[in-house]
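**Q**
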Amino acid sequence: MKGMRLAAIVAVAIAVAAPAHADNDTDFANQLHTYGIYGQRDYNAWLGKIVCDRLHKGLDANAFESTHFVAANLPRGTTQVQTWQFFATANSYYCPTRHRSWKTVRRSRGDYIAFLSEVVVMKQTIYGGLEMSHLLHIDSSVQGDRSVSRRLTARAADRWRAAHPGGTVTYRDLGTNPIPHLDAATGLARMVAAKQRTPAQDASLALSAELIDEIKQAATVLLGLPLYNFGPPRHGQGLGRPHRCPGAVISMM
Amino acid sequence: MVFAGSAAADATDDYPIPHRMMTCTAEQILAAARDFTPIYYQRYIIDKHNKPPEVQQAAIDSAHYFYSLSPQDRRAYSEQMATNFADPMTKGWPNWAKIFFNNKGVAAKETDNCANYPPDDTSVWDG
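Protein chains in written order, with this note's numbering: chain A, 98 to 350; chain B, 365 to 491.
1. Measuring CA to CA, which of N459/B, P483/B, D485/B, F464/B is closest to D411/B?
2. Note down, in chain order, each residue of its chain lying with its Cβ closer than 6 angstroms to the Cβ of L302/A, except the 5 sequence neighbours on either side.
3. For the stretch 400-413 of chain B, which residues have a CB atom closer than 7 angstroms to at least one CB atom of chain A, in sequence order?
4. Quick one: measure Cβ to Cβ for T175/A and A169/A, integer angstroms, because I've assumed they're closer than 8 angstroms.
5. Please list the partners that Y140/A has in chain B, where partner means a Cβ-to-Cβ separation under 7 angstroms.
6. Express the C-alpha separation of I235/A and T295/A in angstroms, rounding to a whole number.
7. Applying a beta-carbon distance threshold of less than 7 angstroms, which residues of chain B neighbour F166/A?
8. Please list, in chain order, all residues of the same chain as A427/B whose beta carbon is under 6 angstroms from its beta carbon, the five residues on each side excluded.
9. Closer than 8 angstroms by C-beta to A397/B: which residues in its own chain qualify, once you throw out the five before and the five after it? Chain order, please.
10. Measure the Cβ-Cβ separation of P329/A and S237/A and say whether it is below 9 angstroms.
11. Please list, in chain order, the chain B residues whose beta carbon lies closer than 9 angstroms to that of N170/A.
12. Helix or strand or just coil, what does DSSP make of H234/A?
13. Could you pull out every unbroken alpha helix (DSSP H) segment of at least 4 residues lying fully inside the stretch 112-169 of chain A, listed in chain order?
14. Taking the C-alpha atoms as reference points, what is the distance between T387/B and L233/A?
15. Classify N480/B as buried or exposed, calling it buried when 16 or more other Cβ atoms lie within 10 Å of its own Cβ.
16. Is A114/A buried or exposed, if buried means 16 or more other CB atoms sit within 10 Å of its CB?
17. Ignoring anything shorter than 4 residues or poking outside the stretch 454-486 of chain B, list the alpha helix (DSSP H) runs there in chain order.
18. Is the shortest distance between the beta-carbon of L364/A and the beta-carbons of chain B less than 9 angstroms?
19. List the residues of chain B that I147/A touches, going by C-beta distances under 8 angstroms, in chain order.
20. Could you check the C-alpha separation between F465/B and V245/A for me, to the nearest Å?
21. So T250/A is in the alpha helix (DSSP H); what residue range does that whole segment cover?
22. Along the stretch 179-190 of chain A, what residues have a CB closer than 9 angstroms to any CB found in chain B?
23. For a contact defined as C-beta to C-beta under 9 angstroms, what are the partners of L129/A on chain B?
24. Which residues bound the alpha helix (DSSP H) around D316/B?
25. Does the pairing of the stretch 148-168 of chain A with the stretch 125-139 of chain A give three or more beta-carbon distances under 8 angstroms?
26. For the beta strand (DSSP E) that contains P323/A, what are its first and last residues?
27. Please tell me whether L87/A has its Cβ less than 9 angstroms away from any Cβ of chain B.
28. Please classify Q179/A: is it buried, with 16 or more other beta-carbons within 10 angstroms of its beta-carbon, or exposed?
29. Going by DSSP, what residue range makes up the beta strand (DSSP E) through D270/A?
30. Could you pull out every residue in the same chain whose Cβ sits closer than 7 angstroms to the Cβ of T283/A, ignoring the five residues on either side in sequence?
31. Please confirm whether A158/A and S230/A have their CB atoms less than 9 angstroms apart.
Okay, structure coming up:
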């Protein structure tokens, strides 16, 4: 099956504060100030808009090219981290479809790898000094060693480790250890009082809490999601389960 | 006693256009402006797009003509740029050549980098 050989990677990695006020340029400038990036407000705002325009037109093909452009037009002395922060903030505030540069679907496998590497390195660069780096690496293919998506995520994870020597990794393999779907024995766990739950319901809730905690702990989530007959595998869909846990609110880009 | 130097223009002078403008094509200059002085470039392109199509085309043709000249001829022609209102080009768009010579800082960035771009990529005129 041709569809069985198709592999797609979904990388959920970047979370930049969304603009909250009417004056976008002021919010953008304020956000830059938190990174220690100062300068003429109009200049920075226009530069941010040009960043998006260039990505939209394909003048900059990816985040690396874009930050190269940004670096050439910010004052001397601007650090590499600040350059990436400027780029990420400009994407967040001005790009019509947010994070277009790394959400763009690429066709070739080489592009997938480059794309993932960008996301991983960018996330690491932006947040590397701000928090403990932790990668949640999830595979969901059922094809074992034949899996293309596993090879892709393994390469991306290696790149992440190389870029972040002190980082830690949690690995979850949904292909060999799938998350059980809710059934008659566990489905009501979220609707009954704690004292009335059966052991199966308790175990189900505990697993949900564990999954939520894994996602919350991760600075970067790397998700290997193959396409089987043009849809994600059922194992991958099990990842939606934590959202059915009361009180759990997770914002993923 | 020191006397003021001669006012005779040659290819090493910076006025009325920086001597560094004696290299590269118009397209290379614009491509470098796009990447290294992007706001100046965008203002120029917006200004251009606000002109009638025939004026825009005339600006492109004038720039091609200018960069086809020898350094001495460029120097002589630049004396007329944006100053001679009998010239329909100047009348239609006085600032048509601004990005090419009007600002030494911009010209420096353009000429530092222009050699790295293709000489005939006309898409740079569209912004």
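Even glycine gets a Cβ: it sits at the ideal position worked out from N, Cα and C.
**A** With the structure as the only source:
1. That would be N459/B, whose Cα lies nearest to the Cα of D411/B.
2. Excluding sequence neighbours, L302/A sits near A286.
3. Listed by position, the residues of the stretch 400-413 of chain B near chain A (Cβ gap below 7 angstroms) are F400, P402, I403, Q406.
4. Separation of the CB atoms of T175/A and A169/A is rounded to 10 angstroms, and the pair is thereby denied contact status at 8 angstroms.
5. Neighbours of Y140/A on chain B, chain order: I403.
6. In this structure, the straight-line span from the alpha carbon of T295/A to that of I235/A is close to 29 angstroms.
7. Neighbours of F166/A in chain B, taken as residues whose beta carbon is under 7 angstroms from its own, are D399 in chain order.
8. A390.
9. Cβ within range, chain order: Y404, Y405, Y408, I463, V470, K473, E474.
10. In this structure, S237/A lies closer than 9 angstroms to P329/A by Cβ.
11. What N170/A touches in chain B, judged by beta-carbon distance under 9 angstroms, is D399, F400, T401, P402, I403, going in chain order.
12. The answer is strand: DSSP assigns H234/A an E or B state.
13. Complete alpha helix (DSSP H) runs here, min 4: 121-131, 138-154.
14. Each residue's alpha carbon lies about 53 angstroms from the other.
15. Taking a 10 Å sphere around the C-beta of N480/B, we find fewer than 16 other C-beta atoms and assign the residue as exposed.
16. With a pLDDT of only 47 at A114/A, under the threshold of 50, the placement of this residue in the model should not be trusted, and no figure is reported.
17. With a minimum length of 4 residues, the continuous alpha helix (DSSP H) runs that stay inside the stretch 454-486 of chain B are 462-465, 468-477.
18. One cannot answer for residue 364/A here, as it falls past the ends of chain A, which runs 98 to 350.
19. For the C-beta of I147/A, the chain B residues within less than 8 angstroms are, from N- to C-terminus, P402, I403, Q406.
20. Straight-line measurement puts the Cα of V245/A at about 54 angstroms from the Cα of F465/B.
21. Boundaries of the alpha helix (DSSP H) harbouring T250/A: 245-260, taken from the DSSP string.
22. Listed by position along the chain: nothing, the set is empty.
23. The premise fails here: L129/A is roughly 16 angstroms from chain B at the closest Cβ pair, so nothing lies under 9 angstroms.
24. Within the shown structure, residues of chain B are numbered from 365 to 491, placing residue 316/B beyond reach of any answer.
25. Using a C-beta cut-off of 8 angstroms, the stretch 148-168 of chain A makes no contact with the stretch 125-139 of chain A, since fewer than three inter-stretch Cβ pairs fall below that distance.
26. Boundaries of the beta strand (DSSP E) around P323/A: 317-323.
27. No answer is possible for residue 87/A: it lies beyond the span of chain A, which begins at 98 and ends at 350.
28. By the neighbour-count definition (other C-beta atoms within 10 Å, threshold 16), Q179/A is a buried residue.
29. Per DSSP, the continuous beta strand (DSSP E) segment holding D270/A begins and ends at 265-270.
30. Only A297, Q298, S301 meet the Cβ criterion.
31. No, the Cβ-Cβ distance between A158/A and S230/A is not below 9 angstroms.
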